[in-house]
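Residue numbers (the working numbering): 1 to 468.
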């Protein structure tokens with residue numbers, strides 16, 4: 001029997017151990033997509049206790065606590081932090097096979113030096129250990145980033161954001177980790193939302209462009225893209241139910257937008273035509289500026305309206321959507337490619353059954369303008385567990401070039417989540433090591449080193465063009 005989460009955790013062969021310990025583990029981290037608050041980095045936030053770090057905004061954990069019958073007061077309510085931690089500890093012991101079990105214990109090991117097990121009985125001991133550590137100067141937000149060997153991270157930012165904290169960080173010579181904004185214009189595209197007109201008013205104010213047509217909306221967004229670019233941004237990100245392709249004439253799009261500006265509801269067909277036009281305009285601008293376009297789709301959000309009304313979005317009541325038409329994704333990419341305006345693109349679907357479809361679609365649009373120009377993104381959200389990562393990488397390897405993969409991201413709001421990169425790298429080395437051990441790839445360690453270090457770090461640096 002192997003020891004619990006020892007140095008060879010998830011590594012079952014000698015080749016896998018060599019690949020991880022000699023190549024993957026020594027590489028820094030570039031976290032090109034996360035939801036960390038840049039203000040907390042600038043102010044170098046200190047945490048009073050482990051609950052603030054672990055449960056403050058983690059809907060992954062909230063979801064499992066509800067699954068364990070925990071009352072909402074102990075999850076997002078007014079219970080004390082110690083009580084919330086106790087309920088999480090009691091939940092965690094039931095999470096056998098769940099990545100949260102592994103992530104939590106990796107964080108306890110790497111940041112707090114605790115090699116034991118967290119459960120209801122050990123909660124008090126772990127609470128004391130973690131809080132004593134968090135009181136130390138090297139456990140502030142910046143120091144947690146530094147000790148995680150992060151060289152660069154990208155936050156997620158709305159077009160109306162002032163980026164004041166990014167500006168302050170860029171001017172602060174005492175912190176040498178790059179913190180860059182990433183462009184997330186979802187609110188400008190979701191014209192069906194009740195607060196859409198209020199959002200347009202805000203966008204109009206910050207951009208200095210009166211938004212009274214689709215053309216002026218695009219102008220306002222380009223104005224803000226220029227500002228984001230001046231702050232070092234070269235990545236966009238779009239969250240959507242699915243990637244749609246419903247072409248329309250310019251006149252049709254203007255009519256749809258005018259209808260919404262007048263306060264009228266739009267039909268599903270009109271919504272699809274508007275969003276298609278919106279994404280094509282954005283894609284062309286990204287190509288012009290050599291930005292990377294990220295597409296996250298396949299999610300149905302806010303399924304429990306009771307929870308949504310009482311707590312709000314991103315609280316653990318989202319699910320995988322089974323409506324992800326790959327033909328429309330291919331047609332959308334082609335609409336940009338046909339005029340040679342398709343930017344570098346990373347495609348993530350929350351539905352794992354889309355792996356093969358994505359793997360075949362990306363092969364249609366590769367060219368010599370960039371190595372691995374169109375990428376399948378890492379196993380995302382409900383898939384960032386051991387079998388999910390294995391399936392995503394195996395599919396990508398079967399249909400494309402795994403060696404050019406840009407690898408892992410945290411997609412997290414927590415400063416302790418960088419152990420997810422370690423988790424990913426161990427799974428990746430076990431997968432590749434197994435192929436070598438089985439005679440499916442030679443024990444060519446010069447090439448294997450290039451592949452493993454590339455997927456861990458180097459490919460992302462090259463692909464995004466980061467200056468590191």
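By construction, the Cβ of each residue, glycine as well, lies at the ideal position given by its N, Cα and C atoms.
task: Identify every run of the beta strand (DSSP E) within the region 154-241, keeping only runs that are complete inside it and at least 3 residues long; order them along the chain.
output: 178-180, 235-240
field: Other residues of its chain near residue 358: CB distance less than 7 Å, five sequence neighbours each side excluded
entry: The count along the chain shown starts at 1 and reaches residue 358 at position 358. Cβ neighbours of residue 358 beyond the five flanking positions: 347, 349, 376.
message: So, at 7 Å on beta carbons, what are the nonlocal neighbours of residue 419 in its own chain, with the 5 sequence-adjacent residues on each side left out?
response: On the chain shown, position 419 is the one that residue 419 refers to. Closer than 7 Å at the Cβ level, and outside the excluded window around residue 419, lie 103, 106, 107, 110.
field: According to DSSP, residues forming a beta bridge with residue 152
entry: Within the chain shown, residue 152 is the residue found at index 152, counting from 1. 30, 178, per the DSSP bridge assignment.
For residue 408, the residue or residues it bridges with in DSSP: Position 408 of the chain shown holds residue 408. According to DSSP, residue 408 bridges with nothing at all.
- request: List the whole-angstrom C-beta distance separating residue 64 from residue 100, where the pair is believed to meet the contact cut-off of C-beta under 8 Å.
  value: Residue 64 sits at position 64 when you count from the first residue of the chain shown. Residue 100 sits at position 100 when you count from the first residue of the chain shown. Correct: roughly 6 Å between the Cβ atoms.
- request: Have a look at the DSSP bridge pairing and note the partners of residue 296.
  value: Translated into positions along the chain shown, residue 296 becomes position 296. Answer is 239, 348, bridged to residue 296.
- prompt: Nearest to residue 149 by CA position, among 31, 341, 37, 197, is which residue?
  reply: As a position in the chain shown, residue 149 is number 149, starting the count at 1. Nearest option by C-alpha distance: 31.
query: Taking just the CA atoms, how far does residue 123 sit from residue 85?
result: Here the question's residue 85 lines up with position 85 in the chain shown. Here the question's residue 123 lines up with position 123 in the chain shown. Their backbone Cα atoms lie some 8 Å apart in a straight line.
field: C-beta contact flag for residue 464 and residue 235 at 8 Å
entry: Indexing the chain shown from 1 puts residue 464 at position 464. Indexing the chain shown from 1 puts residue 235 at position 235. Against a cut-off of 8 Å, the Cβ pair of residue 235 and residue 464 comes out as a contact.
query: Rounded to a whole number of angstroms, what is the C-alpha to C-alpha distance between residue 53 and residue 214?
result: Here the question's residue 53 lines up with position 53 in the chain shown. Here the question's residue 214 lines up with position 214 in the chain shown. Distance between the alpha carbons of residue 53 and residue 214 is about 42 Å.
- request: Compare the beta carbon distance of residue 396 and residue 405 with 8 Å and say whether it is the shorter of the two.
  value: Taking the first residue of the chain shown as position 1, residue 396 is located at position 396. Taking the first residue of the chain shown as position 1, residue 405 is located at position 405. Closer than 8 Å, so yes.
- request: Would you kindly check if the distance between the Cβ of residue 87 and the Cβ of residue 74 is under 8 Å?
  value: Along the chain shown, read from residue 1 onward, the residue named residue 74 stands at position 74. Along the chain shown, read from residue 1 onward, the residue named residue 87 stands at position 87. Yes. Within cutoff.
field: Straight-line gap, residue 373 to residue 294 (C-alpha atoms, nearest Å)
entry: Within the chain shown, numbered from 1, the residue matching residue 373 stands at position 373. Within the chain shown, numbered from 1, the residue matching residue 294 stands at position 294. Between residue 373 and residue 294, the C-alpha separation is close to 12 Å.
field: Beta-carbon proximity check, residue 253 vs residue 272, cutoff 8 Å
entry: If you number the chain shown from 1, residue 253 lands on position 253. If you number the chain shown from 1, residue 272 lands on position 272. Going by C-beta atoms, residue 253 is not nearer than 8 Å to residue 272.
- prompt: From which residue to which residue does the alpha helix (DSSP H) around residue 41 run?
  reply: Residue numbering aside, residue 41 sits at position 41 when the chain shown is read from its first letter. 38-42 is the extent of the alpha helix (DSSP H) around residue 41.
query: Which residue comes first and which comes last in the beta strand (DSSP E) that contains residue 375?
result: Here residue 375 refers to the residue found at position 375 when the chain shown is read from its first residue. Residues 374-376.
In chain order, each beta strand (DSSP E) run of at least 3 residues that lies wholly inside the region 262-343: 292-297
- request: Go through the region 67-94 residue by residue and report every complete run of the alpha helix (DSSP H) that reaches 4 residues or more, in order.
  value: 81-92
query: Whose CA, out of 285, 189, 287, 233, lies closest to the CA of residue 241?
result: Within the chain shown, residue 241 is the residue found at index 241, counting from 1. Checked all of 285, 189, 287, 233; the closest Cα to residue 241 is 189.
message: What would DSSP say about residue 35, mapped onto helix, strand or coil?
response: Locating residue 35 in the chain shown gives position 35, counting from the first residue. Note: residue 35 maps to coil in three-state DSSP.
- request: Indicate whether residue 151 and residue 468 have their beta-carbon atoms separated by less than 8 Å.
  value: Residue 151 sits at position 151 when you count from the first residue of the chain shown. Residue 468 sits at position 468 when you count from the first residue of the chain shown. Yes, the pair counts as a contact, with Cβ atoms nearer than the cut-off.
- prompt: Does DSSP put residue 18 in a helix, in a strand, or in coil?
  reply: Locating residue 18 in the chain shown gives position 18, counting from the first residue. Helix, per DSSP.
message: Residues in the same chain with beta-carbon distance under 8 Å from residue 323, minus the five sequence neighbours each way, listed in chain order, please.
response: Start at 1 with the first residue of the chain shown, and residue 323 comes out as number 323. Excluding positions up to five away in sequence, the list reads 241, 242.
- prompt: With a CB to CB cut of under 7 Å and the five nearest residues on each side skipped, what residues in its chain are close to residue 83?
  reply: Here the question's residue 83 lines up with position 83 in the chain shown. Within the same chain, residue 83 has close Cβ partners 74.
task: Go through its chain and collect everything with a Cβ distance to residue 318's Cβ below 6 Å, but skip five positions before and after it.
output: Locating residue 318 in the chain shown gives position 318, where the first residue counts as 1. So the list reads 299, 301, once near-sequence residues are dropped.
query: If you draw a straight line from the alpha carbon of residue 262 to that of residue 281, how long is it in whole angstroms?
result: The residue given as residue 262 occupies position 262 in the chain shown. The residue given as residue 281 occupies position 281 in the chain shown. Roughly 23 Å between the two C-alpha positions.
query: How would you call residue 18, buried or exposed, if buried means at least 16 neighbouring beta carbons within 10 angstroms?
result: Within the chain shown, residue 18 is the residue found at index 18, counting from 1. Burial call: buried.
message: Am I right that residue 233 and residue 183 are in contact with their C-beta atoms under 8 Å? What's the rounded C-beta distance?
response: For the purposes of this step, residue 233 is taken as residue 233 along the chain shown, with counting starting at 1. For the purposes of this step, residue 183 is taken as residue 183 along the chain shown, with counting starting at 1. Indeed, because the Cβ distance is near 6 Å, the residues count as touching under 8 Å.
message: Less than 8 Å between the beta carbons of residue 16 and residue 430, yes or no?
response: One-based indexing of the chain shown puts residue 16 at position 16. One-based indexing of the chain shown puts residue 430 at position 430. Closer than 8 Å, so yes.
message: Beta-carbon within less than 6 Å of residue 303's beta-carbon, same chain only, minus the 5 sequence neighbours each way: which residues are those?
response: Position 303 of the chain shown, counted from the first residue, corresponds to residue 303. Here the set comprises 317, 319.
query: Can you list, in chain order, the residues of its chain whose CB lies under 8 Å from that of residue 131, leaving out five sequence neighbours each side?
result: Translated into the one-based positions of the chain shown, residue 131 becomes position 131. For residue 131, where only same-chain residues beyond five positions count, the Cβ hits under 8 Å are 48, 49, 50.
field: Cα-Cα separation, residue 388 to residue 176
entry: As a working mapping, residue 388 is identified with position 388 in the chain shown. As a working mapping, residue 176 is identified with position 176 in the chain shown. In a straight line, the C-alpha of residue 388 is about 34 Å away from that of residue 176.
query: In terms of residues, what are the limits of the alpha helix (DSSP H) holding residue 54?
result: Indexing the chain shown from 1 puts residue 54 at position 54. First-last of the alpha helix (DSSP H) with residue 54: 50-54.
- request: Determine the direct distance from the alpha carbon of residue 341 to that of residue 192, and round the result to whole angstroms.
  value: Position 192 of the chain shown, counted from the first residue, corresponds to residue 192. Position 341 of the chain shown, counted from the first residue, corresponds to residue 341. Going from the Cα of residue 192 to the Cα of residue 341 covers about 28 Å.
query: Around the Cβ of residue 270, are there at least 16 other Cβ atoms within 10 angstroms (buried) or fewer (exposed)?
result: Numbered from its first residue, the chain shown carries residue 270 at position 270. Counting Cβ neighbours within 10 Å, residue 270 comes out buried, since at least 16 surround it.
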